[in-house]
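Counting the sequence shown from 1 gives a position; this note's numbering is that position plus 126.
Ideal Cβ positions, reconstructed from N, Cα and C, are used throughout, including at glycine.
Computed from a prediction, not measured in an experiment: that's the story for all the values here.
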Amino acid sequence: MIILGLDPGLGTTGWGVIRAEGNRLTHVANGRIATDAKLELGARLVVLHDALASLLAQYAPQTAAVEEVFVNKNPQSTLKLGQARGVVLLGAARAGIEVGEYAARLVKKAVVGTGTAEKAQVHAMVSRLLPGVTIDGPDAADALAIAICHAHHLGTARRLG
(Lines of atoms letter the chains of each structure in order from A; the text may use other names.)
(Lines give C-alpha, C1' and ligand atoms only; values in the text may rest on other atoms or scores of the structure.)
Protein backbone atom coordinates (compact mmCIF):
# COMPACT_ATOMS: atom_id res chain seq x y z
CA MET A 127 0.00 0.00 0.00
CA ILE A 128 1.30 3.46 -0.92
CA ILE A 129 0.63 6.09 1.78
CA LEU A 130 0.97 9.87 1.37
CA GLY A 131 1.63 11.83 4.55
CA LEU A 132 1.00 15.57 4.53
CA ASP A 133 2.03 18.29 6.97
CA PRO A 134 -0.04 21.22 5.67
CA GLY A 135 1.03 24.82 5.87
CA LEU A 136 0.43 27.87 3.71
CA GLY A 137 4.12 28.75 3.44
CA THR A 138 5.40 25.18 3.30
CA THR A 139 3.54 21.89 3.10
CA GLY A 140 5.67 18.86 3.81
CA TRP A 141 4.91 15.60 2.03
CA GLY A 142 6.17 12.07 2.33
CA VAL A 143 5.34 8.87 0.49
CA ILE A 144 5.96 5.44 1.99
CA ARG A 145 5.13 1.88 1.02
CA ALA A 146 3.65 -0.41 3.67
CA GLU A 147 3.89 -4.15 3.12
CA GLY A 148 2.68 -5.88 6.27
CA ASN A 149 4.84 -4.49 9.08
CA ARG A 150 7.58 -3.39 6.66
CA LEU A 151 7.77 0.29 5.75
CA THR A 152 9.94 1.67 2.97
CA HIS A 153 10.59 5.22 1.84
CA VAL A 154 9.40 6.19 -1.63
CA ALA A 155 9.85 10.00 -1.74
CA ASN A 156 9.53 13.19 0.30
CA GLY A 157 9.71 16.92 -0.15
CA ARG A 158 8.17 20.32 0.38
CA ILE A 159 5.63 22.42 -1.46
CA ALA A 160 6.54 26.07 -0.90
CA THR A 161 4.38 29.04 -1.80
CA ASP A 162 5.62 32.56 -2.39
CA ALA A 163 4.54 34.86 0.45
CA LYS A 164 4.38 37.75 -2.07
CA LEU A 165 1.45 36.11 -3.87
CA GLU A 166 -2.10 36.79 -2.75
CA LEU A 167 -3.79 34.07 -0.71
CA GLY A 168 -5.86 32.59 -3.54
CA ALA A 169 -2.82 32.25 -5.78
CA ARG A 170 -0.86 30.53 -2.99
CA LEU A 171 -3.70 28.04 -2.50
CA VAL A 172 -3.70 27.31 -6.24
CA VAL A 173 0.06 26.61 -6.12
CA LEU A 174 -0.54 24.19 -3.24
CA HIS A 175 -3.46 22.52 -5.04
CA ASP A 176 -1.59 22.08 -8.31
CA ALA A 177 1.52 20.67 -6.62
CA LEU A 178 -0.60 18.24 -4.59
CA ALA A 179 -2.47 17.13 -7.72
CA SER A 180 0.88 16.43 -9.36
CA LEU A 181 2.03 14.34 -6.36
CA LEU A 182 -1.22 12.38 -6.35
CA ALA A 183 -0.86 11.64 -10.06
CA GLN A 184 2.83 10.71 -9.79
CA TYR A 185 2.68 8.42 -6.74
CA ALA A 186 -0.96 7.19 -6.90
CA PRO A 187 -1.32 6.61 -3.14
CA GLN A 188 -4.14 4.37 -1.92
CA THR A 189 -4.55 6.46 1.24
CA ALA A 190 -3.30 9.67 2.80
CA ALA A 191 -2.94 11.21 6.24
CA VAL A 192 -2.72 14.75 7.59
CA GLU A 193 -2.04 16.32 10.92
CA GLU A 194 -5.07 17.79 12.67
CA VAL A 195 -5.20 21.55 13.20
CA PHE A 196 -3.80 22.80 16.44
CA VAL A 197 -4.69 26.25 17.74
CA ASN A 198 -1.88 28.78 17.54
CA LYS A 199 -1.64 31.84 19.76
CA ASN A 200 -2.04 33.83 16.55
CA PRO A 201 -5.56 33.36 15.13
CA GLN A 202 -4.39 34.57 11.69
CA SER A 203 -1.82 31.75 11.55
CA THR A 204 -4.45 29.20 12.56
CA LEU A 205 -6.76 30.46 9.81
CA LYS A 206 -4.02 30.22 7.14
CA LEU A 207 -3.14 26.72 8.32
CA GLY A 208 -6.82 25.76 8.11
CA GLN A 209 -7.07 27.08 4.56
CA ALA A 210 -4.00 25.10 3.45
CA ARG A 211 -5.36 22.04 5.21
CA GLY A 212 -8.68 22.47 3.39
CA VAL A 213 -6.89 22.45 0.03
CA VAL A 214 -5.02 19.27 1.00
CA LEU A 215 -8.19 17.50 2.16
CA LEU A 216 -10.10 18.59 -0.94
CA GLY A 217 -7.31 17.47 -3.28
CA ALA A 218 -7.18 14.01 -1.74
CA ALA A 219 -10.98 13.70 -1.71
CA ARG A 220 -11.21 14.72 -5.37
CA ALA A 221 -8.68 11.98 -6.17
CA GLY A 222 -10.92 9.48 -4.35
CA ILE A 223 -8.45 8.92 -1.52
CA GLU A 224 -9.53 8.48 2.10
CA VAL A 225 -7.61 10.67 4.51
CA GLY A 226 -6.72 9.78 8.09
CA GLU A 227 -6.34 12.69 10.50
CA TYR A 228 -4.05 12.53 13.51
CA ALA A 229 -3.25 14.85 16.39
CA ALA A 230 0.41 15.87 16.60
CA ARG A 231 0.74 14.13 19.98
CA LEU A 232 -0.53 10.86 18.49
CA VAL A 233 1.93 11.08 15.58
CA LYS A 234 4.83 11.69 17.98
CA LYS A 235 3.71 8.81 20.20
CA ALA A 236 3.44 6.44 17.21
CA VAL A 237 6.89 7.32 15.88
CA VAL A 238 8.94 8.18 18.98
CA GLY A 239 6.98 6.56 21.79
CA THR A 240 6.05 9.77 23.58
CA GLY A 241 3.58 12.48 22.64
CA THR A 242 5.89 15.21 23.91
CA ALA A 243 8.81 14.42 21.58
CA GLU A 244 10.78 17.29 20.06
CA LYS A 245 11.03 17.78 16.28
CA ALA A 246 14.65 16.54 16.31
CA GLN A 247 13.55 13.29 17.96
CA VAL A 248 10.82 12.77 15.35
CA HIS A 249 13.33 13.42 12.55
CA ALA A 250 15.81 10.95 14.08
CA MET A 251 13.20 8.20 14.49
CA VAL A 252 11.87 8.67 10.96
CA SER A 253 15.46 8.18 9.74
CA ARG A 254 15.70 4.98 11.79
CA LEU A 255 12.34 3.62 10.66
CA LEU A 256 13.11 4.37 7.00
CA PRO A 257 16.81 3.43 6.63
CA GLY A 258 18.77 5.30 3.99
CA VAL A 259 16.22 8.10 3.64
CA THR A 260 17.39 11.63 2.89
CA ILE A 261 14.78 13.92 4.42
CA ASP A 262 14.03 17.26 2.76
CA GLY A 263 13.75 19.32 5.95
CA PRO A 264 11.56 19.30 9.06
CA ASP A 265 8.23 19.63 7.20
CA ALA A 266 9.02 16.54 5.12
CA ALA A 267 10.12 14.68 8.27
CA ASP A 268 6.79 15.52 9.90
CA ALA A 269 4.93 14.36 6.79
CA LEU A 270 6.80 11.04 6.79
CA ALA A 271 6.01 10.66 10.51
CA ILE A 272 2.31 11.22 9.74
CA ALA A 273 2.46 8.55 7.01
CA ILE A 274 4.18 6.13 9.42
CA CYS A 275 1.53 6.81 12.08
CA HIS A 276 -1.20 6.13 9.50
CA ALA A 277 0.49 2.88 8.44
CA HIS A 278 0.59 1.72 12.07
CA HIS A 279 -3.08 2.56 12.59
CA LEU A 280 -4.12 0.85 9.35
CA GLY A 281 -2.12 -2.23 10.34
CA THR A 282 -3.79 -2.34 13.76
CA ALA A 283 -7.22 -1.95 12.18
CA ARG A 284 -6.51 -4.85 9.77
CA ARG A 285 -5.39 -7.09 12.65
CA LEU A 286 -8.40 -6.20 14.79
CA GLY A 287 -10.93 -6.27 11.95
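Which partner residues of Glu193 appear in the DSSP bridge assignment?
Tyr228
Where are the alpha helix (DSSP H) runs, 4 residues long or more, that stay fully inside the region 133-216, in chain order?
167-185
For the alpha helix (DSSP H) containing Met251, list its first residue and its last residue.
Lys245 to Leu255
By the three-class DSSP mapping on this structure, what secondary structure does Ile261 have?
coil
Gly131, DSSP secondary structure in three states
strand
Whether Pro264 touches His249 by CB criterion (8 Å):
yes
Where Val233 falls: helix, strand or coil (DSSP):
helix
State the DSSP-derived secondary structure class of Gly222, mapped to helix, strand or coil.
coil
State the Cα-Cα distance for the pair Leu95 and Ala190, rounded to the nearest angstrom.
Residue 95 falls outside the range modelled here, since the chain spans only 127 to 287, and no answer is possible.
Environment of Glu193 [buried if 16+ CB atoms lie within 10 Å]:
buried
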